[in-house]
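Asks: Residue numbers for the sequence shown follow the working numbering, so the first one is 4 and each next one is one higher.
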Amino acid sequence: MVAAADGGRGSPRVAPDFANLSDLLQDAEFGPFQLPIKWVEDEKEDDHVPQRAIDWLERRAITNVPETICTMDASVYLVMRSRDDVSKPPEVRGGPRDALVVHATEHNASVLFQEAFLVTYRTFICSHGLINKLITRYVYMSMSSDRASQSAARLSFSILVRVVDELTSYELSEALVHTVTSFVYRLIHEGNLIYARLLRTYTLFDFRSSDIARQMTSIDAQLFHLIETPELLWWAQEQDEMKSPNLVAFTEHFNNVSFWVRTLVITPSNSKEREKYMLKFIKIMKQLRQLGNFNSYLALLSALVSSPLARLDWSKTITDGLREHAEVMDTSHSYKNYRLLLQMASPPTVPYM
4 MVAAADGGRG
14 SPRVAPDFAN
24 LSDLLQDAEF
34 GPFQLPIKWV
44 EDEKEDDHVP
54 QRAIDWLERR
64 AITNVPETIC
74 TMDASVYLVM
84 RSRDDVSKPP
94 EVRGGPRDAL
104 VVHATEHNAS
114 VLFQEAFLVT
124 YRTFICSHGL
134 INKLITRYVY
144 MSMSSDRASQ
154 SAARLSFSIL
164 VRVVDELTSY
174 ELSEALVHTV
184 TSFVYRLIHE
194 GNLIYARLLR
204 TYTLFDFRSS
214 DIARQMTSID
224 AQLFHLIETP
234 ELLWWAQEQD
244 EMKSPNLVAF
254 TEHFNNVSFW
264 VRTLVITPSN
274 SKEREKYMLK
284 FIKIMKQLRQ
294 LGNFNSYLAL
304 LSALVSSPLA
314 RLDWSKTITD
324 GLREHAEVMD
334 TSHSYKNYRL
344 LLQMASPPTV
354 PYM
């Protein structure tokens, strides 16, 4: 501890020495921190002697304990803090990754801590790494028949489902998909069909048409707002992809969506299955039109009236459903029908370019 002037009045005060871990932990607005039990000395001769700092070798030795993820209670590895002397239980302020995973999946785990864990876990571990740890813990705990272990296994699987359900597109690596798929096959092999169904692959029909349309509109809007006016001028003169990167990305997205729709419709060998996809995309088109997203609207329309699909036989319901939208693609008078539709739409809109 060091002395410092207090408010300019010359009276000395004691300032915390942040070079010492214990002083750093106690200098806060709430009650004192409780260092992990694994790091605390068994006995202290003098209670007034400040807790010694933790060197990196001790921290590394604790963090890398391989059995931690398979224990029932990892609180001895956690940094805890109580708001006051009577607060129960104390708040978790930090700890090794495995200990945090165990604490979130204990049989008496706090729902509040679980939610905080799911929101913040990406700051200290990647999604694939967390999925591997949760699978390891689930498999280990499910092999035991006692109630606490079975509860920990169920909570581990529950957290796993939440993590998988909230994965973003950039996290879906080939290795991650392989890990989850292999785990699903293991569940099926063990006869655990209920859990396997929770991690099954979703299809287009598992989502509402309005939700799909809103998500497509969100993606289109982000790409559209990146386009700058000079890019349009450069493209009109030279059609140089290097000078109009955002415009090119927007156009490529249109082509990718159109190709995706054609692929989904034409892949099934069963005509009834193909008609299900056609009807689903017609419903999505209606939602896109209502949202003013004419880019994806025309991407879907161009796919559904394309030559590979037009050669197939369709029911009267589908042909009638497409007819009212196909007029928008009429190229006469420089897309007069589309320009009129765009003019009548209420902003904000995402135009076709």
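The beta carbon of each residue, even a glycine, is placed where N, CA and C say it ideally should be.
Measuring only the C-alpha atoms, how far is VAL354 from ASN111?
Replies: Here residue 354 corresponds to residue number 351 of the sequence shown, with the count starting at 1. Here residue 111 corresponds to residue number 108 of the sequence shown, with the count starting at 1. The amino acid at residue 354 is misidentified as Val; the sequence shows Pro. Rounded to the nearest angstrom, the two C-alpha atoms are 53 Å apart.
Asks: To the nearest angstrom, how far is it from the Cα of THR270 to the Cα of ALA107?
Replies: If you number the sequence shown from 1, residue 270 lands on position 267. If you number the sequence shown from 1, residue 107 lands on position 104. Straight-line Cα distance between these residues: approximately 43 Å.
Asks: Helix, strand or coil for MET347? Go by DSSP, reduced to three states.
Replies: Translated into the one-based positions of the sequence shown, residue 347 becomes position 344. Helix, per DSSP.
Asks: Please report how far the alpha carbon of THR352 lies from the alpha carbon of SER130, in whole angstroms.
Replies: Position 349 of the sequence shown, counting from 1, holds the residue named residue 352. Position 127 of the sequence shown, counting from 1, holds the residue named residue 130. Their Cα atoms are separated by approximately 35 Å.
Asks: Please name the residue, chosen from ARG189, TYR198, ASN258, that lies closest to TYR300 on a Cα-to-Cα basis.
Replies: Position 297 of the sequence shown, counting from 1, holds the residue named residue 300. Checked all of ARG189, TYR198, ASN258; the closest Cα to TYR300 is ASN258.
Asks: Considering only the beta carbon of each residue, do PHE186 and LEU226 sit closer than 9 Å?
Replies: Against the sequence shown, residue 186 aligns to sequence position 183. Against the sequence shown, residue 226 aligns to sequence position 223. No.
Asks: Taking the beta carbon of ASN298 as the centre, do at least 16 other beta carbons fall within 10 Å, making it buried, or is it exposed?
Replies: Start at 1 with the first residue of the sequence shown, and residue 298 comes out as number 295. Classification for ASN298: buried.
Asks: So what's ASN298 in DSSP terms, helix, strand or just coil?
Replies: Here the question's residue 298 lines up with position 295 in the sequence shown. In the structure shown, ASN298 sits in a helix (DSSP, three-state: H, G or I).
Asks: Roughly how many angstroms separate the alpha carbons of TYR198 and VAL260, rounded to a whole number?
Replies: Counted from its first residue, the sequence shown places residue 198 at position 195. Counted from its first residue, the sequence shown places residue 260 at position 257. Each residue's Cα considered, the two are about 32 Å apart.
Asks: Under the assumption that SER159 contacts TYR141 (Cβ atoms under 8 Å), give the Cβ distance between them as a whole number of angstroms.
Replies: Within the sequence shown, numbered from 1, the residue matching residue 159 stands at position 156. Within the sequence shown, numbered from 1, the residue matching residue 141 stands at position 138. About 4 Å; that satisfies the 8 Å criterion.
Asks: Between which two residues does the beta strand (DSSP E) harbouring MET83 extend?
Replies: The residue labelled residue 83 in the question sits at position 80 within the sequence shown. MET83 -> beta strand (DSSP E) spans 82-84.
Asks: Excluding the 5 residues preceding and the 5 following SER213 in the sequence, name in chain order all residues of the same chain whose CB lies nearer than 7 Å to its CB.
Replies: Taking the first residue of the sequence shown as position 1, residue 213 is located at position 210. Only GLN290 meet the Cβ criterion.
Asks: Count the other CB atoms within 10 Å of the CB of PRO233; is the residue buried (16 or more) or exposed (fewer)?
Replies: Here residue 233 refers to the residue found at position 230 when the sequence shown is read from its first residue. Result: exposed.
Asks: Over what stretch of residues does the beta strand (DSSP E) that includes CYS125 continue unbroken?
Replies: Position 122 of the sequence shown, counted from the first residue, corresponds to residue 125. The displayed chain sequence assigns Arg, not Cys, to residue 125. Segment: none, ARG125 is in no beta strand (DSSP E) and carries neither H nor E.
Asks: Taking only runs of the alpha helix (DSSP H) that begin and end inside the stretch 146-174, which ones reach a length of at least 4 residues, in chain order?
Replies: Here the runs fully enclosed are 150-168.
Asks: Less than 8 Å separating the Cβ of GLN290 from some heavy atom of the ligand GDP?
Replies: As for the ligand GDP, it is missing from this structure, which has no ligand bound.
Asks: Helix, strand or coil for VAL353, going by three-state DSSP, please let me know.
Replies: Taking the sequence shown and counting its residues from 1, the one referred to as residue 353 is at position 350. If DSSP states are grouped into helix, strand and coil, VAL353 belongs with the strands.
Asks: Given a cut-off of 9 Å, decide if ALA151 and MET75 are closer than it, judged by their beta-carbon atoms.
Replies: Locating residue 75 in the sequence shown gives position 72, where the first residue counts as 1. Locating residue 151 in the sequence shown gives position 148, where the first residue counts as 1. Cβ distance < 9 Å, so MET75 and ALA151 count as in contact.
Asks: Evaluate PRO350 with the Cβ neighbour count: other Cβ atoms within 10 Å of its Cβ, from every protein chain shown; 16 or more gives buried, anything less gives exposed.
Replies: Translated into positions along the sequence shown, residue 350 becomes position 347. Its Cβ having fewer than 16 others within 10 Å, PRO350 is exposed.
Asks: Per the DSSP calculation, GLY97 is bridged to which residue(s)?
Replies: For the purposes of this step, residue 97 is identified with residue 94 of the sequence shown, where counting begins at 1. For GLY97, which the question treats as bridged, DSSP gives the partners VAL82.
Asks: For ARG100, collect the residues of the same chain with a Cβ closer than 7 Å to its Cβ; drop the 5 residues on either side in sequence, then sort them by chain order.
Replies: As a first step, residue 100 is located in the sequence shown; it is residue number 97 there, counting from the start. Result list for ARG100: PHE127, ILE128, in chain order.
Asks: Could you please give the first and the last residue of the uninterrupted alpha helix (DSSP H) stretch that includes VAL260?
Replies: Taking the sequence shown and counting its residues from 1, the one referred to as residue 260 is at position 257. Here the alpha helix (DSSP H) through VAL260 covers 248-269.
Asks: Can you tell me whether DSSP reads ILE134 as helix, strand or coil?
Replies: Mapped onto the sequence shown, residue 134 falls at position 131. Of the three classes helix, strand and coil, the one that applies to ILE134 here is helix, per DSSP.
Asks: So what's GLU48 in DSSP terms, helix, strand or just coil?
Replies: Mapped onto the sequence shown, residue 48 falls at position 45. Caution is warranted here: a pLDDT of 42 is assigned to GLU48, below 50, making its placement in the model unreliable, and the coordinate value is therefore given only provisionally. Residue state, collapsed to three classes: coil.
Asks: If you draw a straight line from the C-alpha of ALA102 to the C-alpha of LEU201, how long is it?
Replies: The sequence position of residue 102 within the sequence shown is 99, counting from 1. The sequence position of residue 201 within the sequence shown is 198, counting from 1. Cα-Cα distance, rounded: 26 Å.
Asks: Compute the Euclidean distance between the alpha carbons of ALA348 and HIS328, then round it to the nearest angstrom.
Replies: Here residue 348 is taken as the residue at index 345 of the sequence shown, counted from 1. Here residue 328 is taken as the residue at index 325 of the sequence shown, counted from 1. Straight-line Cα distance between these residues: approximately 15 Å.
Asks: Sorted by chain position, which residues of the same chain lie with C-beta nearer than 7 Å to LEU190's C-beta, five sequence neighbours on each side aside?
Replies: Working through the sequence shown from its first residue, we reach residue 190 at position 187. If we look at LEU190 and ignore the five residues flanking it on each side, its Cβ neighbours are TYR198, ALA199.
Asks: Compare the C-beta of ASN296 with all C-beta atoms of chain D and state if any pair is closer than 9 Å.
Replies: Chain labels in this structure do not include chain D; a single protein chain is all it has.
Asks: By the three-class DSSP mapping on this structure, what secondary structure does TRP238 have?
Replies: Here residue 238 refers to the residue found at position 235 of the sequence shown. Correct three-state label for TRP238: helix.
Asks: Going by alpha carbons, who is nearest to LYS286 out of LEU304, VAL82, LYS275?
Replies: As a first step, residue 286 is located in the sequence shown; it is residue number 283 there, counting from the start. The option with the nearest alpha carbon to LYS286 is LEU304.
Asks: Grouping DSSP H, G and I as helix and E and B as strand, with all else coil, what is LEU315?
Replies: To locate residue 315, count along the sequence shown from 1; it is residue 312. Three-state DSSP puts LEU315 in coil, outside helix and strand.
Asks: Is it buried or exposed, ASN296, if we count other Cβ atoms within 10 angstroms and call 16 or more buried?
Replies: Numbered from its first residue, the sequence shown carries residue 296 at position 293. Result: buried.
Asks: In this structure, how does DSSP classify THR206 when only helix, strand and coil are distinguished?
Replies: Position 203 of the sequence shown, counted from the start, is the residue given in the question as residue 206. Of the three classes helix, strand and coil, the one that applies to THR206 here is coil, per DSSP.
Asks: How would you write the range of the alpha helix (DSSP H) that MET219 sits in, first residue to last?
Replies: Taking the first residue of the sequence shown as 1, we reach residue 219 at position 216. 212-229 is the span of the alpha helix (DSSP H), which, as asked, contains MET219.
Asks: Do you know how far the Cα of ALA119 is from the Cα of VAL82?
Replies: The residue labelled residue 82 in the question sits at position 79 within the sequence shown. The residue labelled residue 119 in the question sits at position 116 within the sequence shown. So the alpha carbons of these two residues sit roughly 16 Å apart.
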